[in-house]
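Mapped onto UniProt numbering, the consecutive letters of the sequence shown carry residue numbers 1 to 130. In what follows, a single structure is set out as structure tokens and then discussed.
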Amino acid sequence: QPEDLLRFGLIPEFVGRLPVVATMNELEEEDLIRILREPKNALVKQYKKLFSYDNIRLRFTEGALVAIAAEAVKRKSGARGLRAVMEEAMLEIMYELPSKEDVRECVISEQVILHGDYPVVLYENEKKSA
């Protein structure tokens with residue numbers, strides 16, 4: 001409501017120029033998970049594309065997405081905080097994996113996000129390596 005804006009210190013002349021005042025609810029964990037996945041330029045899609053340039057298939061487990069969203073909620077940073085959480089978890093991986101040979105897949109789990117564990121990496125000639 002316009003009265004709320006006045007209470008927060010905005011001057012009446014400015015508030016009067018706002019044609020529409022809309023209120024929004026705080027984003028919940030499920031909303032943030034959808035933001036990670038669904039938009040055309042979703043963060044998960046961006047990271048997958050970056051890894052695909054080096055012929056590496058990137059996968060995020062459901063637990064990893066929940067952990068990213070939960071951390072953003074904990075930081076009270078909303079959707080903008082998702083990128084920071086992902087950057088922290090992915091930065092080292094993004095620089096290490098492309099320099100390794102025969103990497104075909106990288107699986108980001110909840111442990112990678114929460115504890116900085118190394119992801120599961122699958123190689124062309126092997127089944128699994130952790």
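Idealized CB from N, CA, C, for every residue including glycine.
Classification of residue i by the beta-carbon crowding that lies within 10 angstroms, buried from 16 upward
i      : result
ALA67  : buried
GLU87  : exposed
ILE11  : exposed
VAL20  : exposed
PHE8   : exposed
TYR47  : buried
LEU6   : exposed
PRO119 : buried
Distance, residue j Cα to residue i Cα
i      : j      : result
ARG80  : GLY116 : 21 Å
VAL103 : LEU58  : 11 Å
GLN1   : MET24  : 12 Å
LEU114 : ASP4   : 38 Å
GLU26  : TYR123 : 42 Å
MET90  : ALA22  : 36 Å
ILE56  : PRO98  : 8 Å
LEU36  : MET94  : 18 Å
Cβ separation of residue i and residue j, assumed to be a contact under 8 Å, to the nearest whole Å
i     : j     : result
ILE33 : ALA72 : Incorrect: roughly 10 Å between the Cβ atoms, too far for contact.
Residue i Cβ short of 8 Å to the ligand FMN heavy atom set
i     : result
ASN55 : Within the structure as shown, the ligand FMN is missing, as the structure has no ligands at all.
Is the stretch 50 to 70 in contact with the stretch 8 to 19, if contact means three or more CB pairs nearer than 8 Å?
-> At 8 Å Cβ cutoff, the stretches do not touch.
**Study point:** Inter-stretch contact (C-beta, 8 Å, three-pair minimum) for the stretch 43 to 52 and the stretch 90 to 107
**Key:** Flag = yes, the stretch 43 to 52 and the stretch 90 to 107 touch.
**Asked** Counting only runs that start and end within the stretch 4 to 64, where is the alpha helix (DSSP H) found for 4 or more residues in a row?
**Response** Entirely contained in the stretch 4 to 64, the alpha helix (DSSP H) runs reaching 4 residues are, in chain order, 12 to 15, 29 to 37, 43 to 52.
Exercise. What are the uninterrupted segments assigned as beta strand (DSSP E) that are 3 or more residues long and contained completely in the stretch 58 to 125, given in chain order?
Worked result: As far as the stretch 58 to 125 is concerned, its whole beta strand (DSSP E) runs of at least 3 residues are 103 to 108, 120 to 123.
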